[in-house]
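Everything below concerns the one structure shown next.
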Amino acid sequence: MPENETNEILQRLTRVETKLDLMNNAREIAQEGVMLAKEAHHRIKELREELNAYKQTVK
Numbered sequence: 001m002p003e004n005e006t007n008e009i010l011q012r013l014t015r016v017e018t019k020l021d022l023m024n025n026a027r028e029i030a031q032e033g034v035m036l037a038k039e040a041h042h043r044i045k046e047l048r049e050e051l052n053a054y055k056q057t058v059k
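Position 36, counted from 1, in the sequence shown is what the UniProt record's numbering calls 36; the numbers after and before it change by one each time, with no gaps.
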């Protein structure tokens with residue numbers, strides 16, 4: 001295989017590796033976002049339950 005083709009293959013492989021790294025970073029950020037959203041949803045549910053309990057007490 002000529003050196004020219006080898007260099008092109010290596011360059012393309014490097015680009016693929018870079019894109020995979022970026023995709024993995026994006027996945028980690030997305031997973032953290034999902035986790036934070038679930039925690040926020042859980043906290044909102046708790047606050048609603050507390051609010052409903054206070055409403056019952058005030059009546």
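Beta carbons: idealized from backbone N, C-alpha and C, even for Gly.
A straight line joining the alpha-carbon of Thr-6 with that of Thr-18 spans about 18 Å. Collapsing the DSSP output to three states places Met-35 in a helix.
Within its own chain, no residue has a Cβ closer than 6 Å to the Cβ of Glu-46 once the five positions on either side in sequence are excluded. A straight line joining the alpha-carbon of Asn-24 with that of Val-34 spans about 15 Å.
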